[in-house]
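Chains G and F are the protein sequences, given in the same order. First residue of the first sequence? That's 0 in numbering that gives the first Met the number 0, and the numbers climb one at a time after it. First residue of the second sequence? That's 0 in numbering that gives the first Met the number 0, and the numbers climb one at a time after it. Cβ atoms here follow ideal geometry from the backbone N, Cα and C, with glycine treated the same way. Following: one structure in structure tokens, then a few remarks.
There are 2 protein chains.
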Amino acid sequence: MAGTKERIVGTTGELFRRQGYPGTGLKQIVAAAGAPFGSIYHFFPGGKQQLAAEVIRTSGRAYQQLVEAILDQAPDAITAVETGFAAAAETLVATGYADACPIATVALEVASTDETLREATAEVFAAWVDSGAMRFERWGFAPDDARRLATVLITSLEGAFVLCRAARNTEALAAAASAVRAAVREVSSPEGR
Amino acid sequence: MAGTKERIVGTTGELFRRQGYPGTGLKQIVAAAGAPFGSIYHFFPGGKQQLAAEVIRTSGRAYQQLVEAILDQAPDAITAVETGFAAAAETLVATGYADACPIATVALEVASTDETLREATAEVFAAWVDSGAMRFERWGFAPDDARRLATVLITSLEGAFVLCRAARNTEALAAAASAVRAAVREVSSPEGR
DNA sequence: GTCTATAAACCGATAGAC
DNA sequence: GTCTATCGGTTTATAGAC
Chain G
0 MAGTKERIVG TTGELFRRQG YPGTGLKQIV AAAGAPFGSI YHFFPGGKQQ LAAEVIRTSG
60 RAYQQLVEAI LDQAPDAITA VETGFAAAAE TLVATGYADA CPIATVALEV ASTDETLREA
120 TAEVFAAWVD SGAMRFERWG FAPDDARRLA TVLITSLEGA FVLCRAARNT EALAAAASAV
180 RAAVREVSSP EGR
Chain F
0 MAGTKERIVG TTGELFRRQG YPGTGLKQIV AAAGAPFGSI YHFFPGGKQQ LAAEVIRTSG
60 RAYQQLVEAI LDQAPDAITA VETGFAAAAE TLVATGYADA CPIATVALEV ASTDETLREA
120 TAEVFAAWVD SGAMRFERWG FAPDDARRLA TVLITSLEGA FVLCRAARNT EALAAAASAV
180 RAAVREVSSP EGR
């Protein structure tokens with residue numbers, strides 16, 4: 000039994016993921032959330048921007064926990080990459096190529112248009128990198144390698160999401176996975192470095 | 000001395016790159032292009048959607064030629080990856096993290112909302128992969144490796160653009176470049192395959 | 001605090017003068 | 001082919017009843 004505010008934030012997150020920030024109207028949000036229009040300005044006096052900032056941070060945190068749950072089951076980095084990309088592909092297909100990254104669309108939209116929201120997306124991505132780096136360190140990598148590999152993992156997923164959603168197939172996800180595996184292996188057995 | 004239509008298409012491309020599709024108004028387009036409002040519907044009877052479709056294909060083709068010009072100067076794949084990512088980082092910094100991929104924002108926005116425009120973005124990405132694959136073949140890679148590496152190159156760039164524009168630094172671009180290099184090297188000297 | 005009504009501005013799209 | 005005026009409709013945001 001979620002409160003009205005939580006329902007608005009959750010619904011807005013789903014709409015942002017599919018339609019982006021300017022593409023989603025407040026009217027559509029309250030209609031989908033089953034909430035009265037005034038509730039938005041009751042809970043978010045700062046209007047659409049304040050709602051968006053909270054949505055970015057909330058769905059960013061939720062997605063991070065989802066990915067962490069997957070990564071933490073893996074015994075090593077290669078297995079983690081394998082299962083992570085497989086799970087992403089499954090979700091993508093199962094949702095008709097709609098549910099990829101919850102904030103990427105908004106991140107690109109606000110990067111040059113809304114400094115407040117850009118900072119919110121930057122914080123989310125930074126938290127993801129930190130979270131991933133911690134796990135790569137746990138799998139035995141040195142701090143800078145761990146940070147670099149976590150960045151590689153996230154950028155590869157994000158880039159593959161763009162191509163896969165456009166093409167409506169998972170080819171880019173498979174190719175991206177192979178590159179991340181290569182990057183992990185190169186550090187694990189550094190023969191040409 | 001570009002015609003009004005070409006000026007509208009060019010201006011719209013720049014606005015889409017920064018603000019996305021629903022975030023850019025037709026009024027803003029004609030104002031920025033110095034064209035009368037009626038010209039849009041004179042040249043694009045299908046309205047905003049038809050204009051967007053032409054913008055996606057046009058800027059997709061232009062960006063492809065830009066990248067090809069860089070890749071064709073490289074003697075081998077590793078050098079090409081190196082200079083390609085370096086050029087992307089330079090452009091990003093020089094434009095205040097605005098000029099990254101010309102169609103990624105729109106691609107994510109329309110992927111689940113406009114089937115016509117989604118197909119346009121899919122065609123552009125497919126052409127990019129074909130173009131890159133041809134060059135990797137020229138550098139000595141087998142057809143499927145070439146296609147996979149081209150896909151890796153494009154997805155890595157796209158994903159890095161998302162994080163770099165959000166964070167306003169080029170760290171993700173550097174990490175992504177290292178992964179693409181690793182993927183190329185792994186095929187060049189396949190010891191663990 | 002919940003909900004409705006409405007304001008003021010803006011949207012895409014159209015009509016029609018020139 | 002250029003340009004302006006305007007139409008409905010929708011947007012974000014607010015005022016105020018309950």
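Check: Taking the alpha helix (DSSP H) that residue 15 of chain F belongs to, which residues open and close that run?; Outcome: 3-18
Check: Would you verify that the beta carbon of residue 170 of chain F is, or is not, closer than 8 Å to some beta carbon of chain G?; Outcome: yes
Check: Does the CB of residue 62 of chain G have a neighbour CB from chain F at under 8 Å?; Outcome: no
Check: Buried or exposed for residue 71 of chain G, please, with buried defined as at least 16 other CB atoms from any protein chain shown within 10 angstroms of its CB.; Outcome: exposed
Check: Would you mind stating whether residue 107 of chain F and residue 104 of chain G have Cβ atoms separated by less than 8 Å?; Outcome: yes
Check: Extract the residue ranges of the alpha helix (DSSP H) inside the segment 48-123 of chain G, only unbroken runs of 4 or more that lie entirely within it.; Outcome: 76-93, 103-109
Check: Within 8 Å, do at least three Cβ pairs link the segment 32-45 of chain F to the segment 27-42 of chain G?; Outcome: no
Check: What is the C-beta distance between residue 97 of chain G and residue 187 of chain F, in whole angstroms, given that I count them as a contact (C-beta under 8 Å)?; Outcome: Rounded, the Cβ-Cβ distance is 38 Å, inconsistent with contact.
Check: Using a Cβ-Cβ cutoff of less than 7 Å, which residues in the same chain neighbour residue 73 of chain F once the five nearest sequence positions on both sides are dropped?; Outcome: 79, 82
Check: Would you please verify whether the beta carbon of residue 58 of chain F is less than 8 Å from any beta carbon of chain G?; Outcome: no
Check: Anything in the segment 88-99 of chain G with a Cβ closer than 7 Å to a Cβ of chain F? List those residues in chain order, please.; Outcome: 96, 97
Check: Do you know how far the Cα of residue 185 of chain F is from the Cα of residue 197 of chain G?; Outcome: Nothing can be reported for residue 197 of chain G: it is not among the residues displayed for chain G, which extend from 0 to 192.
Check: How do the segment 149-163 of chain F and the segment 173-180 of chain G stand: do at least 3 beta-carbon pairs fall below 8 Å, yes or no?; Outcome: yes
Check: If you follow the alpha helix (DSSP H) that residue 37 of chain G is part of, which residue opens it and which one closes it?; Outcome: 36-42
Check: Under 8 Å, CB to CB, which of the residues in the segment 4-17 of chain G have a partner in chain F?; Outcome: 17
Check: Where residue 59 of chain G and residue 4 of chain F are concerned, what is the direct C-alpha to C-alpha distance, given to the nearest angstrom?; Outcome: 41 Å
Check: Answer with yes or no whether the minimum CB distance from residue 22 of chain F to chain G is below 8 Å.; Outcome: yes
Check: Are the CB atoms of residue 102 of chain F and residue 90 of chain F within a distance shorter than 8 Å?; Outcome: no
Check: Work out the CA separation of residue 87 of chain F and residue 65 of chain F for me, nearest whole Å.; Outcome: 11 Å
Check: For the segment 103-123 of chain F, which residues have a CB atom closer than 7 Å to at least one CB atom of chain G, in sequence order?; Outcome: 103, 104, 106, 107, 108, 110, 111, 112, 117, 120, 121
Check: Taking DSSP as the reference, what is the three-state secondary structure of residue 22 of chain G?; Outcome: coil
Check: Please compile the residues from chain F whose C-beta is within a distance smaller than 8 Å of the C-beta of residue 134 of chain G.; Outcome: Within chain F, no residue comes near residue 134 of chain G; the closest Cβ sits about 16 Å away, beyond 8 Å.
Check: I'd like to know whether the C-beta atoms of residue 163 of chain F and residue 156 of chain F end up nearer to each other than 8 Å.; Outcome: no
Check: Report the option in F:76, F:160, F:161 whose CA atom is closest to the CA atom of residue 139 of chain F.; Outcome: F:76
Check: In three-state DSSP terms, what is residue 177 of chain G?; Outcome: helix
Check: Would residue 174 of chain F count as contacting chain G if we go by Cβ distances under 8 Å?; Outcome: yes
Check: Taking the straight line between their C-alpha atoms, what separation do you get for residue 15 of chain F and residue 94 of chain F?; Outcome: 15 Å
Check: For residue 124 of chain G, count the other beta carbons within 10 Å of its own beta carbon; 16 or more makes it buried, fewer makes it exposed. Which is it?; Outcome: buried
Check: If you measure between the beta carbons of residue 126 of chain F and residue 135 of chain F, is that distance less than 8 Å?; Outcome: no
Check: For the alpha helix (DSSP H) that contains residue 155 of chain G, what are its first and last residues?; Outcome: 142-166
Check: Can you check whether the C-beta of residue 191 of chain F is within less than 8 Å of a C-beta belonging to chain G?; Outcome: Because the pLDDT at residue 191 of chain F is just 49, under 50, the model does not fix this residue reliably, and the value given afterwards should be weighed accordingly. It does; some Cβ of chain G falls within 8 Å.
Check: Please tell me whether residue 137 of chain F has its Cβ less than 8 Å away from any Cβ of chain G.; Outcome: no
Check: Measuring only between beta-carbons, confirm whether residue 151 of chain G sits less than 8 Å from chain F.; Outcome: yes
Check: Find the nearest neighbour of residue 161 of chain G within the set G:114, G:183, G:117, G:100, judged by alpha-carbon distance.; Outcome: G:100
Check: Round the Cβ separation of residue 48 of chain G and residue 113 of chain G to the nearest angstrom and send it over; I've been treating them as touching at under 8 Å.; Outcome: 7 Å
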